[in-house]
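Residue numbers (the numbering used here): 251 to 584. The beta-carbon is built from N, C-alpha and C at its ideal position, and this holds for glycine as well. All values reported here derive from a predicted model rather than from experimental measurement.
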């Protein structure tokens, strides 16, 4: 059998890699590196690594190379390649993708801006809303009888909108805080969580006759508190949107899809038009009028952010007046 050409395999690797001799001379380079840096192969082969990167400030790179040469210890940046006698023949050096680094920098800046904005919202907007609501209530209590019915109605509307704005602010802050909370990954009994949430909903709404079934839901790896919030929001939405169905049904389950575990919450409620599915997970996005179904449009955005933090995906499918199903995976955390 013909032996593979390992140089071609290396050059075709998808990552940004250099092959170095023990004295750090570059002897091979991946095509991905050449494309990302717009470098010609002839311009880099045979050169010393730190001639190519003379301004590299990262002391960890030097320490990593020293460990490979002295101790033959691999890490995420450098890996030793040994010959038949166990001697160091080459070092595979991974170069940080400049595009990925730029994207990480942008993400960090955006996160800092979101935190700053959230702080401002929390401290600068809440107090005026409390004043508006409080003064409106005082006016109604102290002078309500002397006001015409229309005046009382207008003050009631002012209070209602001030309280709604406070709810929106709290939802925004909750969404912002999710990005800063570290994940505490451990085994999670999702079936038991779903059963508990279903019981709590039925106790809080004794006038509703909703059949909630939980079956075929295996445990998962993840942050228990955050996954509880995912199930609370999804099951709570299903409970809410089946309000007009006399035979309301909610099903929590899972399935295998191409070797991937998919969890889902299905209902036979109001459903939604799939042409608006792209809006499902936006902050403050609603597909149903507020006077029909309560809510501020943050729940699904929170679900998506939690699932993404677990390395998974979430999506929804529905038909108007025929129900909806929300599915999610947990990526490497499952």
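Looking at the secondary structure, which residues open and close the beta strand (DSSP E) in which residue 486 lies? Element bounds for residue 486: not the beta strand (DSSP E) but the alpha helix (DSSP H), 474-491.
Element boundaries [alpha helix (DSSP H), containing residue 300]: First-last of the alpha helix (DSSP H) with residue 300: 299-302.
Pop quiz: residue 480 and residue 557 are said to be a contact at Cβ under 8 Å. What is the actual Cβ separation, rounded to whole angstroms? So it is a contact: roughly 7 Å between Cβ atoms.
Would you report the Cα separation of residue 400 and residue 380, rounded to the nearest angstrom? 23 Å
Am I right that residue 470 and residue 438 are in contact with their C-beta atoms under 8 Å? What's the rounded C-beta distance? 5 Å
Return the bridge partner residues of residue 471 from the DSSP annotation. In DSSP, residue 471 forms a bridge with 437.
Evaluate contact between the stretch 493-512 and the stretch 571-583, counting only Cβ atoms and requiring at least three cross-stretch pairs below 8 Å. yes
Status (buried if at least 16 other CB within 10 Å, exposed otherwise) for residue 554: Label assigned to residue 554: buried.
Give the single residue among 485, 432, 466 whose Cα lies nearest to the Cα of residue 559. 432
Taking contact to mean at least 3 C-beta pairs separated by less than 8 Å, is the stretch 489-499 in contact with the stretch 457-471? yes
Near residue 340, what residues of its chain come up, given a Cβ to Cβ distance below 6 Å and the 5 sequence neighbours on each side ignored? 269, 331
For residue 572, the first and last residue of its enclosing alpha helix (DSSP H): Looking at the DSSP string, residue 572 is not in any alpha helix (DSSP H), and its letter there is neither H nor E.
Among 287, 478, 272, nearest to residue 314 - alpha-carbon criterion: 272
Given a threshold of 16 other Cβ atoms within 10 Å of its Cβ, counted over all protein chains shown, does residue 335 qualify as buried or as exposed? exposed
Can you list, in chain order, the residues of its chain whose CB lies under 7 Å from that of residue 353, leaving out five sequence neighbours each side? Legend: pLDDT at residue 353 = 48, less than 50; position of this residue unreliable, value from coordinates given subsequently. For residue 353, where only same-chain residues beyond five positions count, there are no Cβ hits under 7 Å.
Do residue 408 and residue 440 count as a contact pair if the criterion is CB distance below 7 Å? no
Out of 310, 337, 338, 333, which one is the CA nearest neighbour of residue 327? 310
Between which two residues does the beta strand (DSSP E) containing residue 517 stretch? 510-517
Using a Cβ-Cβ cut-off of 7 Å (strictly less than) and excluding sequence neighbours within five positions of residue 512, which residues of its own chain qualify? 504, 505, 577, 579
For residue 321, list the residues DSSP reports as bridge partners. DSSP output for residue 321 lists no bridge partner at all.
Ordered along the chain, which non-local residues of its own chain (more than five positions away) have a Cβ less than 7 Å from that of residue 521? For residue 521, where only same-chain residues beyond five positions count, the Cβ hits under 7 Å are 568, 569, 570, 571, 572, 573, 574.
Where residue 387 and residue 397 are concerned, what is the direct C-alpha to C-alpha distance, given to the nearest angstrom? 13 Å
Determine whether the beta carbon atoms of residue 488 and residue 517 lie at a separation below 7 Å. yes
Kindly indicate which three-state DSSP category residue 295 falls into: helix, strand or coil? coil
Would you mind sorting residue 299 into buried or exposed? The rule is 16 or more other CB atoms within 10 Å of its CB. buried
Residue 412 vs residue 447 beta-carbon contact at 7 Å: no
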